[in-house]
Structures are given as C-alpha cells and as structure tokens.
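Residue numbers (this note's numbering): 27 to 394. Where is the CB? At the ideal position from N, CA and C, for every residue including glycine. This report refers to the structure that appears directly beneath it.
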Amino acid sequence: MKIVIAPGAYKIGGPATYTRLLVEYLPLKNIEAEILSFDQVKEFPKIIRHFIFFVKMFIKLLSSDLVLAQDPVSVGLPSLVAAKILRKKMIIRFVGDYAWEQSAQRFGVKDSIDVFQNNKYSFKIEFLRWIQVFVLNHVDKIITPSIYFGELAKKLVNNKDKVIAIYNGIDTSLPVLGHEEARKKLGLNSEEIILFSAGRLVSWKGFELLIDLLPDLLKQNNRYRLMIVGDGPDMSKLRQKVMDLKLEGKVYLVGYLDREDLLVNLQAADIFVLNTGFESFSFQVVEAMYYNIPVITTNVCSLPEVIANNKEGILVDYNNKEQIRKAIEKFLVDTSFRQEIIKNAKKKSAYFSIKKTLDNLFEVLKNL
C-alpha cells in the first residue's frame, strides 16, 4: 500500500510530529508513505498556492492508493478534489476546528472553540466553516485524536459512523537521560527551578500569562526560570514582553528544536506547564509524563482524557494565574505528592504508544 500524507506544516506543531512518526513507522506495516506538505507552496499567492497544491497532489495520487490529509481546508479541499477525480480514497485527520483557529489568528475572535460552534461570524469565517463541513462530509473516513474531537466532528457530518477516535502515540525509542544528566548535557545550573512549556507560539497557547507569572514567582524564589520551546506568529510579541518585564536571562524563548533536542530540554525541567485554551492532543504532555516530569495543564478539550486531576497531573483553568502558581508550589513543596503523580503518569503514558496508533490506523487503511 502507498499513501500520501498531507500536513499543513512539516516543521512545527502536533501534525508535523504525527507525520514524522508515521513516515518512520508505517513501513513496519508494509505501507509506503510520501509527504506533500502545504509548506511547499506557501511562497505563492493565495488561491494560486491551493491550485499548485492540487496539481502536486493529483500527480502523487496517480501512483498512490489514498491520501491522509491533516486539515480540512488548506490541504483538505485540494486533496479532496484530486482524490475524487482519480477515484482514490481519502482520510481526514480532524484535530481541531480550522475555521475557529483561523478566526482566532486572523480575525480577532476571542471565543473558545466550544462557544464558537454555536455562534455566527463574518462571511470569511463562515465561508471557511462551510469548506470544512463540505470536505468532512465528502471524505471516506475522519480520524480524530481524542473522544472530545470525535464528538465535535460528529456534529459537523451527516454520516457519524465514519468518525473514529485514534489517540496519537509517542515514540519511546530515544533514551531516558534523567534530570541531572540532561542538565549537565545542556550546561544548565543545577540550582535553577526550570518551568518548561512547548508548542506553537499562538495566542490560545497562553505563553503570555506564563511570562506574566514569572515575576511573582521570582519574588518568592530567585531560582525560577521559564523555558518556552517553539516558533510561531507570536514570537516577536513574547520577546517584547520579556524585555518589558526585564526578564532577560530568566525567560528562555528557545525557538524551534528538533525532537531529540526538545526531549533533552524537557528532561532538564522540573515542571511541565501547558496553559492552553485549545488542544487536540499534546505530544509534549504525554512525553513529559513518560520522562517523569510532573505536568500542569488546562482542563480543556482532550486534556482531561490524558490526565486525571491530582492523579497523573494537575488540571487548572485556562489563563488562571493563581491556580497555576499554587500548582507549581504544590509540586515543589509536597514531595510525596510529586512522586505519586510521576509514578501514575509514567504508567498512563504507556497507553499512548506509537504501536497502538499504528495498529488502529492500519485497520482503518486495510478496511478502506
């Protein structure tokens, strides 16, 4: 079997991580995977780039069995047209509401993804929503990374039976360095208390609040440091905030790291904090659980499916500075609680393995 995987981006974010893992591991199932990323056409003007992507997809599908697209609009619509012309099968990974993401990034919408589902907006936003619904209704299968997004997808399609939830899996082939060895490798001060966060630098990831929180923490203990790994449109805004608060040398905006370097930095951390208002599936949360880093994250979207509050981590409200501060202090003060969380989280992380993801995905591909 040969498939074309079409991510919106092949450098940063969860879909990129998912794509790389599939390309590496699908051959174990005798499936050849080829990548066609929207990154390859972004240099062209709008509309033209989508047409060029359609042509590229059409050519690749001539010698392939099906396409697995990672978003329903940028890559989804041109892929669907190519697949329908060639009578090839198509799967969509529905990992978030594309119309909502674009409305938050480009059109200033502040509503959460849940509130967004029930409201009407400008013509441009509703047009994106219409494209998304059209594509979802015309593909052969919809894969979601969580039960939460499975339920969301079912509200948008006529045939609910074609929606299936398959959790993403993490690759555990890289060695566990341990906290001290990771710090030594990075040349970090062993006395620093490192709060680690990672993700695409967009507004709903809540990195601004983490930076705002640091001065309060520094008043209690000058050893606190904040490390943020990732790239995105908000990088310049976050850099400016660091300068405005005079936190140079206290906040590290690391930028993009390849997976191996990211995991070394993660293992050097004391606590992983993900203050997000939206999450389809967080590879970094599960990786932190696997690498024995206690997790503080938000009680939104699929995250409660990954972490039970006060069992495998601490769940807080999005952008709630006080709750995050108290959770950080609890992990640092209550050693027995911290160790219990780490033990439970490590055990839970085994549920999210790349093998399980591949086995479930292979069944979908085989049936199609």
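Asked                                                                                                                        : Found
Within-8 Å CB hit, Asp140 to chain C                                                                                         : Looking at the structure shown, chain C is missing, and only one protein chain is on hand.
Beta-carbon contacts of Lys188 that lie in its chain and below 8 Å, excluding the five residues immediately before and after : Val165, Asp166, Lys167, Ile168
Candidates Leu273, Ser216, Arg226, Gly256: closest to Leu244 by CA position                                                  : Leu273
Contact between the region 347-355 and the region 237-257 (3+ Cβ pairs under 8 Å)                                            : yes
Check whether Ile322 and Leu292 have beta carbons under 8 Å apart                                                            : no
Alpha carbon of Ile380 to alpha carbon of Asp270, nearest angstrom                                                           : 42 Å
Residue environment, Gly339, which counts as buried when at least 16 other CB atoms sit within 10 Å                          : buried
Alpha helix (DSSP H) runs contained entirely in the region 52-135, provided each spans 4 or more residues                    : 74-87, 102-112, 124-132
For Gly281: DSSP bridge partner residues                                                                                     : Val255
Expected contact under 8 Å - CB spacing of Pro104 and Gln158 to nearest Å                                                    : With 8 Å as the limit, Pro104 and Gln158 do not qualify as a contact, their Cβ atoms being about 14 Å apart.
Rounded distance between the beta-carbons of Leu279 and Val268, thought under 8 Å                                            : 7 Å
As assigned by DSSP and simplified to three states, the class of Leu47                                                       : helix
Cα-Cα separation, Lys181 to Val141                                                                                           : 14 Å
For Ser100 and Phe307, believed in contact at Cβ under 8 Å, the rounded distance                                             : At roughly 19 Å, the Cβ-Cβ gap does not stay under 8 Å, so Phe307 and Ser100 are not in contact.
Cβ separation of Pro259 and Gln96, assumed to be a contact under 8 Å, to the nearest whole Å                                 : Not a contact, Cβ separation roughly 19 Å.
Rounded C-alpha distance that separates Phe309 from Val67                                                                    : 27 Å
Nearest-angstrom Cβ-Cβ length linking Leu162 and Ala125, presumed shorter than 8 Å                                           : Contact doesn't hold; Cβ gap of about 11 Å is too wide.
Assumed close pair Asn56, Ile192 - CB separation to whole angstroms, cut-off 8 Å                                             : Wrong, their Cβ atoms sit about 19 Å apart, outside the cutoff.
In DSSP terms, what Thr170 is bridged to                                                                                     : Ala191
Option in Arg364, Val49, Ile367, Phe233 with minimal Cα separation from Asp197                                               : Val49
The region 108-123 touching the region 78-87, judged by at least three CB pairs closer than 8 Å                              : yes
Beta-carbon spacing of Val135, Ser129 below 8 Å                                                                              : yes
Proximal residues to Lys28 (C-beta, below 6 Å), its chain only, five neighbours per side dropped                             : Glu58, Ser90, Asp91
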